[in-house]
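Chains as they are written, first to last, in the numbering used here: chain A, 1159 to 1289; chain B, 1159 to 1289.
Think of the CB as a built atom: it goes at the ideal place given N, C-alpha and C, for glycine as much as any other residue.
In this text, all values refer to a predicted model and were calculated from it rather than measured experimentally.
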DNA sequence: TCAGTTGTCCGTAAAATATGAACTATGGAA
DNA sequence: TTCCATAGTTCATATTTTACGGACAACTGA
């Protein structure tokens, strides 16, 4: 029984939704992948990101994350030989939803910076308030 | 057996995460609620939003949506008599993640405007490309 | 043809979500 | 008080989504 390789799905720019983008980027692994990809100057393969995110992530899971990013319209993937070249679609998305991705990427960097150098707190700890 | 009413959880501003915000706003109902709340000048009750979103939404589901928004740090809820007064925490979040919520709200409005007046297409339809 | 590499597909287990029914909490009327 | 209506929550369960191991597909170079 031969299982065929399904073609890659890239939504056209006008069917991309805000909800889809937010959902795709609401996962820590995916937003890390996307941020790295947006920072890179050139197309990158999937396995590149094993070094960016936790190395222990299974490759089937990583593959699913790429699919989610792709089908949300955030990235474009193209098979190049045995590997996959990925690029962001930030240009298109910027036209349709101006400022959205830059703002998310900026917030992501703010949060990353805090993790590296935790801000001193005024209160004992940043716990949730129950009131 | 008396089931106590649990206290409302409001995360402190420095434990709010970008992922949490994006996840909370990646649901069409929740983003509609949040957008309406951000547009309103004053605090609003939960049931107000039965008119904003689909009227057929069960109230238990609506309650869960408010909890999600609250625990992501997007809104503050306060019991006032028999009802609940909700306000956004956009001021705090703007300080921590400048520009994030405005960009998301803007993209949301862009998308809403398209739905009202669908843009004429250059291609027959905005379908996904398989390539 | 064979082996190595990159990534996908599928089945199942685990986690998240939706929702009806029962309940809490509050306020007002009888 | 007691009773009732209203606003929202909690719980149990059904459905949906997600994670991931293992088998496989697609390609390359020897």
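query: Note down the Cα distance separating residue 1227 of chain B from residue 1175 of chain B, rounded to an integer number of angstroms.; result: 12 Å
query: Determine the contact status of residue 1268 of chain B and residue 1207 of chain A, defining contact as a CB-CB distance below 7 Å.; result: no
query: In angstroms with no decimal places, state the Cα-to-Cα distance between residue 1225 of chain A and residue 1250 of chain A.; result: 19 Å
query: In three-state DSSP terms, what is residue 1175 of chain A?; result: coil
query: Which stretch, first to last residue, makes up the alpha helix (DSSP H) that contains residue 1202 of chain B?; result: Per DSSP, residue 1202 of chain B belongs to no alpha helix (DSSP H) and is neither H nor E.
query: Can you tell me whether residue 1225 of chain B sits near the ligand NAD, meaning its C-beta is under 6 Å from at least one heavy atom of the ligand?; result: No copy of the ligand NAD appears in this structure; indeed no ligand is present at all.
query: For my contact list, residue 1210 of chain A and residue 1194 of chain A are in at a C-beta cut-off of 8 Å; report their separation, rounded to the angstrom.; result: 5 Å
query: CA-CA distance, residue 1148 of chain A and residue 1173 of chain B?; result: Any property of residue 1148 of chain A remains undetermined from this structure, which presents chain A solely from 1159 to 1289.
query: Any beta-carbon of chain B closer than 7 Å to the one on residue 1221 of chain A?; result: no
query: Taking a Cβ distance cut-off of 9 Å, strictly less, list which residues of the stretch 1257 to 1280 of chain B are near chain A, in chain order.; result: 1257, 1258, 1259, 1260, 1261, 1262, 1264, 1265, 1266, 1268, 1269, 1272, 1277 and 1279
query: Tell me, to the nearest whole angstrom, how far the beta carbon of residue 1179 of chain A is from that of residue 1232 of chain A; I am working on the premise that it is less than 8 Å.; result: 6 Å
query: Does residue 1221 of chain A pass the burial test, meaning 16 or more other C-beta atoms within 10 Å, or should it be called exposed?; result: exposed
query: Along the beta strand (DSSP E) that carries residue 1246 of chain A, what are the first and last residues, could you check?; result: 1241 to 1246
query: Comparing C-alpha positions only, which one of A:1236, A:1263 and A:1164 sits nearest to residue 1204 of chain A?; result: A:1236
query: Does the distance from the C-beta atom of residue 1265 of chain A to that of residue 1183 of chain B stay below 7 Å?; result: no
query: Please confirm if residue 1250 of chain A has its CB atom under 7 Å from at least one CB of chain B.; result: no
query: Quick one: list the residues of chain B neighbouring residue 1205 of chain A, beta-carbon separation under 8 Å, in chain order.; result: Result: empty, since nearest Cβ-Cβ is about 22 Å, beyond 8 Å.
query: Could you check whether the Cβ of residue 1232 of chain A sits closer than 7 Å to any Cβ belonging to chain B?; result: no
query: Compare the C-alpha of residue 1247 of chain A against each of A:1238, A:1230, A:1239 and A:1214 and name the closest.; result: A:1230
query: Can you tell me whether residue 1191 of chain B is helix, strand or coil according to DSSP?; result: helix
query: Kindly say whether residue 1176 of chain A, judged by its beta-carbon, lies nearer than 7 Å to any beta-carbon of chain B.; result: yes
query: Are the CB atoms of residue 1166 of chain B and residue 1201 of chain B nearer to each other than 7 Å?; result: no
query: What do you reckon, are the CB atoms on residue 1181 of chain B and residue 1234 of chain B nearer than 7 Å?; result: no
query: Let me check understanding here. Comparing Cα to Cα, which of B:1276, B:1163, B:1191 and B:1260 lies closest to residue 1245 of chain B?; result: B:1191
query: Kindly list the residues whose CB is nearer than 6 Å to the CB of residue 1187 of chain A, restricted to its own chain and excluding five residues on each side of it in sequence; keep chain order.; result: 1211 and 1223
query: Helix or strand or just coil, what does DSSP make of residue 1214 of chain A?; result: coil
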